[in-house]
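The listed protein sequences derive, respectively, from chains A and B. Numbered per the working numbering, the first sequence spans residues 6 to 216. Numbered per the working numbering, the second sequence spans residues 6 to 216. In this text, a Cβ means the ideal position worked out from N, Cα and C, and glycines have one as well.
2 protein chains.
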Amino acid sequence: EKVLSKNDELASALRQRFVRHEVFCLNLISSPGSGKTALLERTLEALPKTAKVAALTGDVQTENDARRLAGAGFPVKQITTGGTCHLDASMVGRALEDWDLDGIDILFVENVGNLVCPTSYDLGEHAKIVVFSVAEGEDKPLKYPAIFAVSELCIINKVDLLPYVPFDIERAVANVHQVHPGMAVVQTSCTKSLGLDAWLAWLERRRAHAF
Amino acid sequence: EKVLSKNDELASALRQRFVRHEVFCLNLISSPGSGKTALLERTLEALPKTAKVAALTGDVQTENDARRLAGAGFPVKQITTGGTCHLDASMVGRALEDWDLDGIDILFVENVGNLVCPTSYDLGEHAKIVVFSVAEGEDKPLKYPAIFAVSELCIINKVDLLPYVPFDIERAVANVHQVHPGMAVVQTSCTKSLGLDAWLAWLERRRAHAF
Ligand SMILES: Nc1nc2c(ncn2[C@@H]2O[C@H](COP(=O)(O)OP(=O)(O)OP(=O)(O)O)[C@@H](O)[C@H]2O)c(=O)[nH]1
Ligand SMILES: Nc1nc2c(ncn2[C@@H]2O[C@H](COP(=O)(O)OP(=O)(O)OP(=O)(O)O)[C@@H](O)[C@H]2O)c(=O)[nH]1
Ligand SMILES: [Mg+2]
Ligand SMILES: [Mg+2]
Ligand SMILES: [Zn+2]
Ligand SMILES: [Zn+2]
Numbered sequence: 006e007k008v009l010s011k012n013d014e015l016a017s018a019l020r021q022r023f024v025r026h027e028v029f030c031l032n033l034i035s036s037p038g039s040g041k042t043a044l045l046e047r048t049l050e051a052l053p054k055t056a057k058v059a060a061l062t063g064d065v066q067t068e069n070d071a072r073r074l075a076g077a078g079f080p081v082k083q084i085t086t087g088g089t090c091h092l093d094a095s096m097v098g099r100a101l102e103d104w105d106l107d108g109i110d111i112l113f114v115e116n117v118g119n120l121v122c123p124t125s126y127d128l129g130e131h132a133k134i135v136v137f138s139v140a141e142g143e144d145k146p147l148k149y150p151a152i153f154a155v156s157e158l159c160i161i162n163k164v165d166l167l168p169y170v171p172f173d174i175e176r177a178v179a180n181v182h183q184v185h186p187g188m189a190v191v192q193t194s195c196t197k198s199l200g201l202d203a204w205l206a207w208l209e210r211r212r213a214h215a216f
Numbered sequence: 006e007k008v009l010s011k012n013d014e015l016a017s018a019l020r021q022r023f024v025r026h027e028v029f030c031l032n033l034i035s036s037p038g039s040g041k042t043a044l045l046e047r048t049l050e051a052l053p054k055t056a057k058v059a060a061l062t063g064d065v066q067t068e069n070d071a072r073r074l075a076g077a078g079f080p081v082k083q084i085t086t087g088g089t090c091h092l093d094a095s096m097v098g099r100a101l102e103d104w105d106l107d108g109i110d111i112l113f114v115e116n117v118g119n120l121v122c123p124t125s126y127d128l129g130e131h132a133k134i135v136v137f138s139v140a141e142g143e144d145k146p147l148k149y150p151a152i153f154a155v156s157e158l159c160i161i162n163k164v165d166l167l168p169y170v171p172f173d174i175e176r177a178v179a180n181v182h183q184v185h186p187g188m189a190v191v192q193t194s195c196t197k198s199l200g201l202d203a204w205l206a207w208l209e210r211r212r213a214h215a216f
């Protein structure tokens, strides 16, 4: 019988709080620069101003991402780890201390840029979402399988660059499904606002099944 | 007085072996997909066939990168970590066991795709090299400062994409120098073979000062 790690205990407690207060929580994971913040910028712009949305964003250093997300007018907080390569449940718990969870319907958590370590740290989320971009190469799902296996949605971003990069998008989707058969895949461009409707539709459907 | 970690001890032993056998060793670090393997492909193609070059490449899964590098005809070995997000000195030591170090003048080590964790694992190298691409955003040096601070060279790759991405290259270089004043920076495109001469020149100069 596996002994629960400290993180698992804290994550479990967070998960129960999210259920109790009906907070739909998503954990966005990708390499540095795949476009997590850009995706959240487009998302927060697209959601109604009356939506009860909030975001936490994690980085080793700087408040850059929180500053970018704050523009939409929803509550946003930066978690700076100082060195740790992933967010953990204790950091998320601390960041949420002075927020009223009854005032939050959707909580986006942008993880530290890292395709490996965040995989094994439960934050109490309803689902992990993995993002990778067409600039990174179609073999990424095969080379970093764990995050693709445990996530519920794969976003392939920066499709506007397809004419200029050696990226085989059919091969990429096949690789995703080799690691995670049937995984939902949405293709986006955050700079050209492509594919955002499909992403928002997934969000709405997944949230409807959350409680 | 800081107690040496197990990794530091093994790395120190490797470093002594590299000195003894005059092996010039470089540790290439970047996010997944910035172009480490592509850079090594271009490099191994450019070096004379008589050069005593070898490469180790680390990944969580697959032998894809070793397969790509083997095409140049030099000794290449894949290290698969199975889950660990960085190479460490014990893995490099094991990989080198059946190689004759007297037959190697230059050893390239491609680290696992990760901009955080490899920073703190000495592999016995002469220098760390950090690669990031114009697709990732110019704030990466500020957001992941440790690897930029400890590396000796920064390669900004995929400059062929500059017309199509919102990347301010002057801002990017300024950010590199904010974190590491005076750091050497080379701009490359591995797909269009741009900037490779500058990189090879840096390599030659740095190797001349290695022993
Ligand atoms: N061409 C193109 N560039 C994009 C797209 N989405 C984001 N970018 C750019 O990619 C760079 C990185 O985007 P970010 O949103 O900062 O990526 P991130 O995943 O949040 O990065 P970290 O938080 O540092 O891990 C920025 O320069 C963005 O403008 C896209 O769809 N197409
Ligand atoms: N446009 C463009 N694409 C590039 C360039 N260099 C590499 N690529 C592409 O970028 C993708 C990733 O390149 P890789 O060489 O696999 O990157 P990597 O850093 O070795 O990736 P990992 O080992 O998985 O961390 C591939 O599709 C390459 O063809 C470049 O200069 N320009
Ligand atoms: Mg971000
Ligand atoms: Mg590689
Ligand atoms: Zn880690
Ligand atoms: Zn790590």
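Can you tell which of 14(A), 193(A), 19(A) and 122(A) has its C-alpha closest to the C-alpha of residue 97(A)?
19(A)
Secondary structure at residue 32(B), three-state DSSP: helix, strand or coil?
strand
Between residue 158(B) and residue 100(B), which are expected to be in contact by the criterion C-beta below 8 Å, what is the C-beta distance as a whole number of angstroms?
That pair is no contact at about 23 Å.
What are the residues that DSSP puts in a beta bridge with residue 64(A)?
85(A)
Exposure label - residue 9(A); buried when at least 16 CB within 10 Å
exposed
Taking residue 150(B) as the reference, give the member of 181(B), 141(B), 138(B) and 165(B) with the closest Cα.
181(B)
Return yes when at least one heavy atom of ligand 6 lies under 7 Å from the C-beta of residue 5(A), else no.
In the structure as shown, chain A starts at 6 and stops at 216, and residue 5(A) therefore has no counterpart that could be examined.
What residue from 176(A), 46(A), 135(A) and 104(A) has the CA that sits closest to residue 197(A)'s CA?
46(A)
Suppose you measure from the CA of residue 40(B) to the CA of residue 73(B); what does that come to, to the nearest Å?
12 Å
Classify residue 193(B): buried if its beta carbon has 16 or more other beta carbons within 10 angstroms, exposed otherwise.
buried
Coil, strand or helix - residue 156(B) by DSSP:
coil
For chain B, is any of its Cβ atoms less than 8 Å away from the one on residue 90(A)?
yes
The stretch 75-84 of chain B in contact with the stretch 182-192 of chain A per 3-pair CB rule at 8 Å:
no
Going along chain B in order, which residues have a C-beta closer than 7 Å to the C-beta of residue 150(A)?
66
Residue-chain proximity (residue 110(A), chain B), Cβ-Cβ < 8 Å:
no
Taking just the CA atoms, how far does residue 201(B) sit from residue 212(A)?
49 Å
Looking only at its chain, what residues have a beta carbon closer than 6 Å to the beta carbon of residue 216(A), apart from the 5 residues adjacent to it on each side?
27
Of all the options 145(A), 155(A), 148(A) and 170(A), which has the alpha carbon lying nearest to the alpha carbon of residue 131(A)?
155(A)
Closest Cβ-Cβ distance between residue 196(B) and chain A: below 8 Å?
yes
Check whether chain A comes within 8 Å of residue 122(B), counting only Cβ atoms and requiring the distance to be less than that.
yes
Would you mind sorting residue 63(A) into buried or exposed? The rule is 16 or more other CB atoms within 10 Å of its CB.
buried
Residue 163(B) CB to nearest chain A CB: under 8 Å?
yes
Taking only the alpha-carbon atoms, compute the straight-line gap between residue 65(B) and residue 118(B) and give it to the nearest angstrom.
9 Å
Distance check for residue 142(A) and residue 166(A), CA to CA, integer angstroms please.
12 Å
Rounded to the nearest angstrom, what separates residue 68(A) and residue 83(A) at their Cα positions?
6 Å
Tell me the DSSP secondary structure of residue 145(B) in three-state form.
helix
Cβ of residue 30(A) within 7 Å of any heavy atom in ligand 6?
no
Is any beta-carbon of chain B found at less than 8 Å from that of residue 98(A)?
no
List, in chain order, every chain A residue whose beta-carbon is nearer than 8 Å to that of residue 167(B).
What residue 167(B) touches in chain A: nothing, since even the nearest Cβ is about 10 Å away.
Residues of its chain near residue 145(B), where Cβ-Cβ distance is below 6 Å and the 5 sequence neighbours each way are ignored
137
Endpoints, beta strand (DSSP E) assigned at residue 138(B)
132-138
Taking 7 Å as the cut-off, is the CB of residue 159(B) close to at least one heavy atom of ligand 6?
no
Do you know how far the Cα of residue 170(A) is from the Cα of residue 164(A)?
10 Å
Give every residue whose Cβ lies closer than 6 Å to any heavy atom of ligand 5, listed in chain order.
90(A), 91(A), 122(A), 90(B) and 122(B)
Check whether the Cβ of residue 140(B) lies closer than 8 Å to any Cβ atom in chain A.
yes
Given that residue 93(A) touches chain B, what residues does it touch there, using C-beta distances under 9 Å?
Residues of chain B passing the Cβ test: none, with the nearest at roughly 14 Å.
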